[in-house]
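What the sequence shown shows, in the numbering used here, is residues 343 to 424, in sequence order. For each residue, glycine too, the CB sits at the ideal point set by N, CA and C. The model shown is predicted, which means the values in this text are computed figures rather than measured ones.
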Amino acid sequence: MNEVFRSAANEFRQKIPQLSRKTEVSRLYRKSLKLLSSWVIDREIFLDEADKLRARFDDGKTASEAKAIRLLKEARDEIQKK
C-alpha cells in the first residue's frame, strides 16, 4: 500500500470514545458483579461478596482525581488477572 492510501484510511478509522469517569466505574462494577456471579455457587456467598465489592467501590467514591485514576487502573488489572 502506498502512503496516500494509508493516510486516507487513517482518517476514516474510528477513534476510541473517551468515557466519563462515572461510566467507566459503572462498567467496571457491573463487570465485577458478573465475574463474581460466574464462580459463586451459593446465593448467600454471592450476596456477602457483593456487599464487600460494593464497599470497595463506595470507599473510592470520594477519592481525589489522582487516587481515582490509580484505583481504576488497579481494579482493571485485578479483573484481568481473574
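Legend entry - Rounded straight-line distance, which links the Cα of Ala351 to that of Leu378: 41 Å
Legend entry - Three-state secondary structure assigned by DSSP to Ser490: Since the displayed the chain opens at 343 and closes at 424, residue 490 lies outside it and no answer follows.
Legend entry - Sub-8 Å separation of Ile411 and Lys373 beta-carbons: no
Legend entry - Helix, strand or coil at Val367 according to DSSP, with G and I counted as helix: helix
Inset, instruction - Assign Ala478 to buried or exposed, taking buried as 16 or more other Cβ atoms, counted over all protein chains shown, within 10 Å of its Cβ. - result: Lying outside 343 to 424, the shown extent of the chain, residue 478 is not represented and no answer is given.
Inset, instruction - Can you grab the Cα-Cα spacing for the pair Asp393 / Lys376, in whole Å? - result: 14 Å
Legend entry - Beta-carbon proximity list for Tyr371, same chain, < 7 Å, skipping 5 on both sides: Phe399
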